[in-house]
Amino acid sequence: MTTDPHAGAELTDDALQDEIELVGDLVVAASASERPLTDDEIDHALGIQRAHSDAPVALTERPHRSTRRLNA
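Under the working numbering, the first residue of the sequence shown carries the number 2, and numbering increases by one thereafter.
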């Protein structure tokens, strides 16, 4: 065990944090629904915008967690 108060303070994984937030968004969306989510509802929860075809086009810019509305 270390006594250094700064040990591990720089250990962050932004990609993992983003993945956790995406899973959380899906859990919230699924919990609010009384049926399985459609592909479009999943895309919306993940911030994916589709063109008129079925192929995903681009991820929207996901705002930082602290700036997102909690009851969207």
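By construction, the Cβ of each residue, glycine as well, lies at the ideal position given by its N, Cα and C atoms.
* Give the single residue among P37, D26, E35 whose Cα lies nearest to the Cα of A45. => Along the sequence shown, read from residue 1 onward, the residue named residue 45 stands at position 44. According to the sequence displayed, residue 45 carries His and not Ala. Of the candidates P37, D26, E35, the one whose C-alpha sits nearest the C-alpha of H45 is D26.
* According to the Cβ coordinates, are L17 and L47 closer than 8 angstroms? -> To locate residue 17, count along the sequence shown from 1; it is residue 16. To locate residue 47, count along the sequence shown from 1; it is residue 46. No, Cβ-Cβ distance for L17 and L47 is not below 8 angstroms.
* So the beta strand (DSSP E) R51 belongs to, where does it begin and stop? -> Along the sequence shown, read from residue 1 onward, the residue named residue 51 stands at position 50. Here the beta strand (DSSP E) through R51 covers 49-51.
* To do: Please classify E35: does DSSP put it in a helix, a strand, or coil?
  => Along the sequence shown, read from residue 1 onward, the residue named residue 35 stands at position 34. Looking at E35 - three-state DSSP - the assignment turns out to be coil, as it is neither helix nor strand.
* Which class does D14 belong to by DSSP, given the choice of helix, strand or coil? -> Numbered from its first residue, the sequence shown carries residue 14 at position 13. Coil at D14, not helix or strand.
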